[in-house]
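Asks:
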Amino acid sequence: MSAPILPGAVLGVLGGGQLGRMFTLAARRMGYRVDVFAPEDDTPAGQIAYREIRAPYEDLAAVRAFAKDVEVVTFEFENVSSEATAAAAEFAPVRPSGALLHVTQNRGREKRALEAKGIPVAPFAIIESQADLDAAAAHPGFPGVLKTTSWGYDGRGQRRVEDRAGLANAFRELGSVPCVLEGFIPFVAELSVVGARGLDGSIALYDPVLNRHRNHILDITLSPAPVASAVRTAALDLARRILEGFDVVGVLCVELFLLDDDSLVVNELAPRPHNSGHITIDANVCCQFEQQVRAVCGLPLGSTERTVPAAAMANLLGDLWQGGPPNWAAALADPGVRLHLYGKEGPVPGRKMGHLTVADSTLEGAEARVLAARKALLRR
Ligand code: AMP
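Residues 30 to 409 in our numbering are what the sequence shown spells out, letter by letter.
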């Protein structure tokens, strides 16, 4: 096994968003420098990076030059092409690998790969043509959710469909690009497990958390998920199998649907820290971002143990700015509220601007307090 990359070294991140920012904060705390590569400048990550390199991901010469100056490359933006990750890999290890990224950035490839490993996924069909539309109407059938295979996130590129005509319309509305039709899963809850796998194959898993969405965007995360211990064990087992099966080095999040018979279905994978894992910053010994630093640097993984009985995280979307600047003082009047803002300029509705976290002795208490704090932001 190669020697660990030690504090003082320069780490490279492809992507300049909030995930890169929180990675950079964790890395800097540990004494690393971080170079950020992004097509924009003054990015959330670039603001606190050692160097911010502005170039498009398609500029392979710029990617090579970037990789030459760092000890390891990781990413926070998932839609980096295989050409770009291969160009970076000529000069520095890319962790997790470009091969894993290639699988997870396409819903069709991801579902096939999960199915091949015996991991439960929603019944699905890949649609690229009119003939595929007809076949999909037979299996998985309706109701279903039609999703573009690439570039979909936070519910974008996604339509619920009830019948053949609806499917044909939705396919056209989504631009007749390659899609996956999934059977609609009547879940009782959405859970996620964030985990990490080190260079030596060691694995560290955070307890499953419960996620609530609003308009397809994550709204609230509760930690730990209030589920039966058999569900917890099954969720952790799935995450472990995925981390091992895909030979991950780094952090990966598994999004899960919980059904009323307590069975679990994998919705999707994110080969990076995840919005639902932000809660680990305030609720666990070693947060998901420090874990990513440790994993990609070949260091031992940190403890995933919770330091508090329960915690709740609420996302702050740009919508909160619509009537003027949010009332930060009012939200922070509860001294247990932790504020995280990502340094983004334009508070566009639907845009993730930051989050709040509260720890409490109970989940109900944590949730009530984080919701009250978020509501207080509107007291102007
Ligand atoms: P995704 O972009 O795949 O994470 O989907 C966004 C959200 O849409 C999920 O968090 C679910 O709330 C919902 N969703 C996605 N796929 C399905 C499905 N097959 N059945 C039911 N709900 C779904």
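Beta carbons: idealized from backbone N, C-alpha and C, even for Gly.
Around the C-beta of Asp289, are 16 or more other C-beta atoms found within 10 angstroms, so that it is buried, or is it exposed?
Replies: Asp289 comes out exposed.
Asks: Distance check for Gly195 and Gly212, CA to CA, integer angstroms please.
Replies: Rounded to whole angstroms, Gly212 and Gly195 show a C-alpha spacing of 14 Å.
Asks: Using a Cβ-Cβ cut-off of 6 Å (strictly less than) and excluding sequence neighbours within five positions of Ala339, which residues of its own chain qualify?
Replies: Asp389, Thr391, Leu392 and Ala395
Asks: Compute the Euclidean distance between the alpha carbons of Ala164 and Val206, then round it to the nearest angstrom.
Replies: 17 Å
Asks: Quick one: what's His384 bridged to in DSSP?
Replies: Asn344 and His369
Asks: CA-CA distance, Tyr235 and Val222?
Replies: Using only the alpha carbons, I get a separation of about 6 Å.
Asks: Kindly give me the distance between the Cβ atoms of Ala358 and Ala402, rounded to whole angstroms, as I take these residues to be in contact under 8 Å.
Replies: For a cut-off of 8 Å, the C-beta gap from Ala358 to Ala402 is around 11 Å, too long to register as a contact.
Asks: Are Gln321 and Arg335 close, meaning C-beta to C-beta below 9 Å?
Replies: no
Asks: Rounded to whole angstroms, what's the CA-CA distance from Leu346 to Leu40? Just pull it up for me.
Replies: For Leu346 and Leu40, the gap between their C-alpha atoms comes out near 29 Å.
Asks: Could you tell me if the beta carbon of Asn296 falls within a distance shorter than 8 Å of some heavy atom in the ligand AMP?
Replies: yes
Asks: Apply the 10 Å Cβ neighbour rule to Tyr86 and answer buried if 16 or more other Cβ atoms are within range, or exposed otherwise.
Replies: buried
Asks: Is the CB-CB distance between Asn313 and Ser332 below 9 Å?
Replies: For Asn313 and Ser332, yes; Cβs fall inside 9 Å.
Asks: Can you tell me the Cα-Cα spacing of Arg269 and Ile232, whole angstroms?
Replies: 7 Å
Asks: Leaving out five residues on either side along the sequence, give the residues of the same chain with a beta carbon under 6 Å from the beta carbon of Gly383.
Replies: The residues are Leu345, His369, Leu370 and Tyr371.
Asks: Buried or exposed for Asn244, going by 16 or more other Cβ atoms inside 10 Å?
Replies: exposed
Asks: Between the region 135–143 and the region 112–127, can you find at least three pairs of beta-carbon atoms closer than 8 Å?
Replies: Between the region 112–127 and the region 135–143 there are fewer than three inter-stretch CB-CB distances shorter than 8 Å, so the stretches are not counted as touching.
Asks: By how many angstroms is the C-alpha of Gly173 removed from the C-alpha of Thr72?
Replies: 37 Å
Asks: Which term fits Ala405, buried or exposed, when burial requires 16 or more other beta carbons within 10 angstroms of its beta carbon?
Replies: buried
Asks: Which two residues bound the contiguous alpha helix (DSSP H) that contains Ile271?
Replies: Ser258 to Gly274
Asks: Could you tell me which of Arg189, Val217 and Val280 sits nearest to Leu129, measuring between CA atoms?
Replies: Looking at the Cα atoms, Val280 is the closest of the given residues.
Asks: Run the CB neighbour count on Ser252, radius 10 Å, all protein chains shown included, and call it buried at 16 or more, exposed below.
Replies: buried
Asks: Relative to the alpha-carbon of Gly44, which residue among Pro33, Glu81, Met59 and Gly60 has its alpha-carbon at the smallest distance?
Replies: Glu81
Asks: Count the other CB atoms within 10 Å of the CB of Lys97; is the residue buried (16 or more) or exposed (fewer)?
Replies: exposed
Asks: Sort out for me which residues DSSP pairs His242 with in a bridge.
Replies: As a beta-bridge residue in DSSP terms, His242 pairs with Leu247.
Asks: If we ignore side chains and look at the alpha-carbon of each, how far apart do Leu265 and Gly306 end up?
Replies: When only Cα atoms are considered, Leu265 and Gly306 end up about 15 Å apart.
Asks: Return the bridge partner residues of Ala67 from the DSSP annotation.
Replies: Arg83
Asks: Looking at Ala160 and Leu210, is the spacing between their C-beta atoms short of 9 Å?
Replies: no
Asks: Please tell me whether Met59 and Ile310 are closer than 9 Å, where the distance is taken between their beta carbons.
Replies: no
Asks: Give, in chain order, every unbroken run of the beta strand (DSSP E) that is at least 3 residues long and sits entirely within the region 272–354.
Replies: Listed in chain order, they are 279–287, 293–299 and 339–346.
Asks: Between Asp248 and Leu89, what straight-line distance do the alpha-carbon atoms span, to the nearest angstrom?
Replies: 36 Å
Asks: Is Gln187 near the ligand AMP, in the sense that its beta carbon is under 8 Å from a heavy atom of that ligand?
Replies: Yes, the Cβ of Gln187 comes within 8 Å of a heavy atom of the ligand AMP.
Asks: Is it right to say Lys373 is buried, meaning 16 or more other beta carbons lie within 10 angstroms of its own, or is it exposed?
Replies: buried
Asks: Look up Lys140 in the DSSP assignment and say whether it is helix, strand or coil.
Replies: The three-state secondary structure of Lys140, taken from DSSP, is helix.
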